[in-house]
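S.K.: Protein chains in written order, with my numbering: chain Z, 1193 to 1606; chain Y, 1193 to 1606. Okay, here's the structure, questions in a sec.
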């Protein structure tokens, strides 16, 4: 057995026990995790410091170093995140429905954990704690594969969590870390169908495409958001400017931020002049020829721009001749995450919501609301951009499957 | 563009229109399909005859030829299947829930079609009609890739269906056939993520594993059933014999038939002697040493047998020392399809249903009931053995995803 097969095997063995533990035990274990993270903050910071030093030696950018860094405040925020998960309703054991057949057979459809969930993510170590806690709360065993940049932090965090849950009577193998962060190991990890039920990648385009293209385990694709706002001919211009501004500048680095503006040619002049005034050069604009008449553009937009999730103070602007062209654009270049129309015409609002193929389709509101917290799911493991299983923000319920329990007294099929 | 890219592109283009058509239009189109199949039965039979002749020339077994053959009765049965689908409730547009946020934003979670569904299947041409009809009813565009054995039949069936729906005002590209049945084409087909949302393989172990291992499109794994019955110490022997007999012999070639018997050592003598009497050599038995004392076995069972879906009058028998060993066996060798315990002890019934990881877990009833029709789903595209998206029998509802529709009046995120 390879290192990963052994790890997978241990995780799979823990699965049956974890699936069966009570809500109380899970909650006590998670509370212990939260306490233990705070109590061991110094150890965490010291191991995180090793990662930071390596990052500096490897010339990691300041922004990336910041994502990697843990301090007392961030550790307390992680612990607080875990405590919030404790308070959420348990998604396991919910009865979705049932019936009694004419022959007396009783069928019940009941929610169960997914089983063993693999998570592949990048350098932010808070994902380690967040993902492990969401998995445990939903009765799943987690196998976490973080980036090599954060390996020292992750080892410490996982070791603290394992000790904490074990003290609360939960098998420590409910939370597992892949310590081999090599490229070969991640390749092998994505093919451990025998031990892992579902794989969730959390990270940028490259990471997600690598998992989608190479995993033989069922994948939930998350987090790529090439989102657009379409400003209709009938749009209220102030509303449009506010929604576009919020979508681009409130937090440009997140997946529900917008990357493209589509504006009806008849609204282009008024809208773009107003936006130009609002932004005044704050956002770099790649625009088509028509747009550049009314707003200061950096250069002409290319097809590549339309496909790009900038995640920065950069946006593309395209004028369109009607709503059909806008919908076509979105269905062609979008990643099926969040899309918005600003309009005052009911039929256009309805058509946009019907024909745009995305997890969240907005009328007259900012795409920034696509979020587990905002949607009231309490917590979020990611935002699914695929249509299988879950779509949009994935909370605890989306971390479960179901099974049919059938009870009879000797029924056989005729 | 390759042949398949062109086909995928056409299918994707049809998607937006198909997603939006009314229940009435879909039902009229399906009714037209049913009528047209019957009306064109002679053409179908004549093209099917070409496949049968090729099959004979290729020395296909009689049993396989029989699966391939279409006659008037079978065509009428296909049409009747389509008419039944017309009568089922439309799964699209169902509101799963919604809420109004404190800021006035209204969120509705609504069922939508999956989009473009690829189906890869083997030689039975009735799957062609069944799959296309289920996809259309659920608002999905289908791209059907049947086996080369049935290519003449499939071309005719698809051409009839396309003409019929087109006559009812539905874009004929809602139903598509991959006419290139080469190995290379199927490899390319499984990577058409840009055009196909979900891939469903229907067939034997080899086909399914090929799709699971090579597809980059999200897959729903269906239909492999290595199912077991565990006869507990406390089992009523007559009940156990009837359930085992029904599971093995009522229709051995289907996925919910049983392939293994596990019997508690204390029940082995009485149960196996009774089963021996019932079967009297009708079923070939691979048994362990203990079992062979009480029932006529062909040879000793091997680990390979425990993994094998015989789909024939063949079964393996293993005595176990307790329920734990039975559950371990099932979770090790089972395909998570359907599993059964025969017992009169409540705690064992509950433990088995909790700890066995399968789509359908039975107490004192035959596994043969795992079926969309029996479960009241009306129709079935397959039986999922994975935990992502759908588990167990997949009906029309399982052929949908959902989207969030969010309506505001200028809300932005703070």
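For every residue, glycine included, the Cβ atom is placed at its ideal position computed from N, Cα and C.
#1: Can you tell me where the alpha helix (DSSP H) with residue 1212 (chain Z) in it begins and where it stops?
#2: With 7 Å as the limit, tell me which residues of the segment 1434-1463 of chain Y have their beta carbon closer than that to any beta carbon of chain Z; keep them in chain order.
#3: For residue 1503 (chain Z) and residue 1444 (chain Z), which I take to be in contact (beta-carbon distance under 8 Å), what is that distance rounded to the nearest angstrom?
#4: What are the residues of the segment 1523-1551 of chain Y that lie near chain Z, defined by any Cβ-Cβ distance shorter than 8 Å?
#5: Check the Cβ of residue 1299 (chain Y) against every Cβ in chain Z and list those closer than 7 Å, keeping chain order.
#6: I'd like to confirm something about residue 1420 (chain Z): is its beta-carbon nearer than 8 Å to some heavy atom of the ligand SAH, or not?
#7: Is the beta carbon of residue 1589 (chain Z) sitting closer than 9 Å to the one on residue 1301 (chain Z)?
#8: Less than 7 Å between C-beta atoms, sequence neighbours within five positions excluded: which residues of the same chain meet that for residue 1326 (chain Z)?
#9: Determine contact between the segment 1356-1371 of chain Y and the segment 1408-1420 of chain Y, defined as no fewer than three beta-carbon pairs at a distance below 8 Å.
#10: Across the segment 1392-1406 of chain Z and the segment 1255-1262 of chain Z, are there enough close Cβ pairs to call them in contact, namely three or more that are closer than 8 Å?
#11: Could you work out which residues of chain Y lie near residue 1386 (chain Z), taking near to mean beta carbons separated by less than 8 Å?
#12: Just to confirm, is the Cβ distance from residue 1335 (chain Z) to residue 1388 (chain Z) under 9 Å?
#13: Comparing alpha-carbon positions, which option in Y:1304, Y:1322 and Y:1565 lies nearest residue 1312 (chain Y)?
#14: Pick out whichever of Y:1284, Y:1550 and Y:1568 has its Cα sitting closest to the Cα of residue 1576 (chain Y).
#15: Could you name the residues of the segment 1580-1597 of chain Y whose beta carbon sits closer than 7 Å to any beta carbon of chain Z, in the order they occur along the chain?
#16: Could you tell me which chain Y residues have their CB closer than 8 Å to the CB of residue 1322 (chain Z), listed as they occur along the chain?
#17: Using the Cα positions of residue 1599 (chain Y) and residue 1562 (chain Z), report the straight-line distance between them to the nearest angstrom.
#18: Here's a check: name, in chain order, each residue in its chain whose Cβ is nearer than 7 Å to the Cβ of residue 1232 (chain Y), leaving out the five neighbours to either side.
#19: Would you mind telling me which residues of chain Z sit closer than 8 Å to residue 1389 (chain Y), beta carbon to beta carbon, in chain order?
#20: Are at least three pairs of beta-carbons, each pair with one atom in the segment 1426-1434 of chain Y and one in the segment 1536-1545 of chain Y, less than 8 Å apart?
#21: Three-state secondary structure (DSSP) at residue 1605 (chain Z)?
#22: Using C-beta distances below 7 Å, list every residue in its chain close to residue 1376 (chain Z), excluding the 5 sequence neighbours before and after it, in chain order.
#23: With a threshold of 9 Å between beta carbons, is residue 1600 (chain Z) in contact with chain Y?
#24: Spell out whether any CB of chain Y is found under 9 Å from the CB atom of residue 1560 (chain Z).
#25: What does residue 1408 (chain Y) touch in chain Z if you count any residue whose Cβ is under 7 Å from its own?
#26: For residue 1431 (chain Z), would you say it is in contact with chain Y, using Cβ-to-Cβ distances shorter than 9 Å as the test?
#27: Would you call the CB atoms of residue 1308 (chain Y) and residue 1331 (chain Y) closer than 9 Å?
#28: Spatial neighbours of residue 1234 (chain Y) within its chain, please: CB distance less than 6 Å, with the 5 preceding and 5 following residues excluded, ordered by chain position.
#29: Does any residue of chain Z have a CB that is nearer than 9 Å to the CB of residue 1333 (chain Y)?
#30: I'd like the span of the beta strand (DSSP E) that includes residue 1328 (chain Y), first residue to last.
#31: When you check each C-beta in the segment 1204-1218 of chain Z against every C-beta of chain Y, which residues fall closer than 8 Å?
#32: What does DSSP give as the partner residue(s) for residue 1334 (chain Y) in the beta ladder?
#33: Pairs of beta-carbons, one from the segment 1510-1523 of chain Z and one from the segment 1379-1396 of chain Z, closer than 8 Å: are there three or more?
#34: Quick one: residues in its chain with C-beta nearer than 6 Å to the C-beta of residue 1228 (chain Z), no 5 flanking neighbours on either side, listed in chain order?
M.R.: Walking through what the data contain:
#1: Following the DSSP letters along the chain, one finds residue 1212 (chain Z) inside the alpha helix (DSSP H) bounded by residues 1195-1212.
#2: For the segment 1434-1463 of chain Y, which is checked against every Cβ of chain Z, the residues closer than 7 Å are 1434, 1435, 1438 and 1442.
#3: Here residue 1503 (chain Z) really is in contact with residue 1444 (chain Z); their C-beta atoms are around 6 Å apart, less than 8 Å.
#4: The residues in question are 1523, 1541, 1545, 1546, 1547, 1549, 1550 and 1551.
#5: Simply 1567.
#6: Looking at this structure, you won't find the ligand SAH or any other ligand, since it has none at all.
#7: Contact flag unset, no.
#8: So the list reads 1277, 1571, 1573, 1588 and 1591, once near-sequence residues are dropped.
#9: Too few Cβ pairs lie closer than 8 Å, so no.
#10: No: fewer than three Cβ pairs fall under 8 Å.
#11: Near residue 1386 (chain Z) there are no residues of chain Y at all, since even the closest Cβ is about 10 Å away, more than 8 Å.
#12: A contact, by the Cβ cut-off of 9 Å.
#13: Answer by Cα proximity: Y:1322.
#14: Relative to the Cα of residue 1576 (chain Y), the nearest Cα in the group Y:1284, Y:1550 and Y:1568 belongs to Y:1550.
#15: Correct list: 1580, 1581, 1583, 1584, 1593, 1594, 1595, 1596 and 1597.
#16: Ordered by position in chain Y, no residue passes the 8 Å Cβ test against residue 1322 (chain Z), which lies about 21 Å from the chain.
#17: Near 12 Å, if we compare the C-alpha coordinates of residue 1562 (chain Z) and residue 1599 (chain Y).
#18: Counting only Cβ-Cβ distances below 7 Å, and skipping sequence neighbours, we find 1352.
#19: Near residue 1389 (chain Y) (Cβ distances below 8 Å), the residues of chain Z are 1578, 1579 and 1580.
#20: The segment 1426-1434 of chain Y makes contact with the segment 1536-1545 of chain Y, as at least three CB pairs between them are under 8 Å.
#21: In the structure shown, residue 1605 (chain Z) falls within a coil segment according to DSSP collapsed to helix, strand and coil.
#22: Nothing listed; no residue qualifies.
#23: Taking CB atoms only, residue 1600 (chain Z) has a neighbour in chain Y less than 9 Å away.
#24: Chain Y places a beta carbon closer than 9 Å to that of residue 1560 (chain Z), counting this residue as a contact.
#25: For residue 1408 (chain Y), the chain Z residues whose C-beta falls within less than 7 Å of its own C-beta are 1404 and 1405, listed in chain order.
#26: For residue 1431 (chain Z), the closest Cβ of chain Y is nearer than 9 Å.
#27: Result no, Cβ atoms of residue 1308 (chain Y) and residue 1331 (chain Y) do not sit closer than 9 Å.
#28: None.
#29: By this cut-off, residue 1333 (chain Y) is not an interface position.
#30: Per DSSP, residue 1328 (chain Y) belongs to no beta strand (DSSP E); it is in the alpha helix (DSSP H), 1318-1329.
#31: Cβ contacts with chain Y come from 1207, 1208, 1211 and 1212.
#32: Partner(s): Y:1309 and Y:1367.
#33: Judged by Cβ distances under 8 Å, the segment 1510-1523 of chain Z makes no contact with the segment 1379-1396 of chain Z, as fewer than three pairs qualify.
#34: 1352 and 1356.
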